[in-house]
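Chemist: My questions all concern the structure below.
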Amino acid sequence: KQEVTQIPAALSVPEGENLVLNCSFTDSAIYNLQWFRQDPGKGLTSLLLIQSSQREQTSGRLNASLDKSSGRSTLYIAASQPGDSATYLCAVSGGFKTIFGAGTRLFVKA
Amino acid sequence: DARVTQTPRHKVTEMGQEVTMRCQPILGHNTVFWYRQTMMQGLELLAYFRNRAPLDDSGMPKDRFSAEMPDATLATLKIQPSEPRDSAVYFCASGAGQGLEAFFGQGTRLTVV
């Protein structure tokens, strides 16, 4: 049974810092890994999708890496801004199921 | 503007009442997911469909929950009878196929009193 763990559970940083969010999963037989952002009271917004054959994806200040063999992914946020404050969720897809981690709640202080 | 549409956005109901939540997946997407999000449990997969056929609903309490896709443009999640512990945000997501990106609706916030 796939289990997805995200560390840290919460993170508070000053504006401008570079930061790394971690996601680990127990079953490496995955199709893809997706990073989402969720603002309070809102739905989920897809940030980056990494297929199982890929090692990383980049979008603007975001970079996500995937190491299937070790069951890990990281989301790197460069030059963080207050607008980045949100909960970041990683989701692992295998077969037709997508399993989510509990998320990392990020607060970027101005 | 392709997006997943969920209705209603908010629902408050009394215990024992029937609740129906609706989802319109993105046109052309053949995979639909229902998730429930609570503070305690996070996001839990309740059911998913491919080409309108239910592939797995093992995450759903069978005695009171049911999920259907009457046609390719509509997915429904029904709770009968509802209980206070069903209070949560229910998300629908759709995708174009296995291994492809999933897109989420804004959710239905259900409160059962």
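Going line by line, the protein sequences match chains E and P. Residues 1 to 110 (the working numbering) make up the first sequence, in order. Residues 1001 to 1113 (the working numbering) make up the second sequence, in order. Using N, Cα and C, we set each Cβ at its ideal position, and we do this for glycine too.
1. Can you tell me which of E:GLU15, E:VAL13, E:SER24, E:PRO14 puts its alpha carbon nearest to the alpha carbon of E:ILE7?
2. Relative to the alpha-carbon of E:GLU15, which residue among E:ILE99, E:ASP84, E:LEU47 has its alpha-carbon at the smallest distance?
3. For the stretch 19-69 of chain E, which segments carrying the beta strand (DSSP E) assignment without a break, of at least 3 residues, lie completely within its bounds, in sequence order?
4. Return the residue from the list E:LEU66, E:THR98, E:LEU44, E:ILE77 that minimises the CA-CA distance to P:THR1108.
5. Indicate whether E:ASN51 and E:ASN32 have their beta-carbon atoms separated by less than 7 Å.
6. What would DSSP say about P:ARG1085, mapped onto helix, strand or coil?
7. Compute the minimum distance between the beta carbon of E:LEU21 and the heavy atoms of the ligand MG, and state whether it is under 6 Å.
8. Note down, in chain order, each residue of its chain lying with its Cβ closer than 6 Å to the Cβ of E:ALA10, except the 5 sequence neighbours on either side.
9. In chain order, what residues of the stretch 48-75 of chain E put their CB closer than 9 Å to some CB of chain P?
10. Strictly under 7 Å for the Cβ-Cβ distance: is P:LEU1027 near chain E by that measure?
11. Along the beta strand (DSSP E) that carries P:GLY1042, what are the first and last residues, could you check?
Modeler: In this structure, then:
1. E:SER24
2. E:ASP84
3. 19-25, 32-38, 44-51, 56-59, 62-67
4. E:LEU44
5. In the sequence under discussion, the amino acid at residue 51 of chain E is Gln, which differs from the Asn named in the question. Yes.
6. helix
7. The ligand MG is not part of the structure shown, which contains no ligands of any sort.
8. ARG105
9. LEU49, GLN51, SER52
10. no
11. 1042-1050
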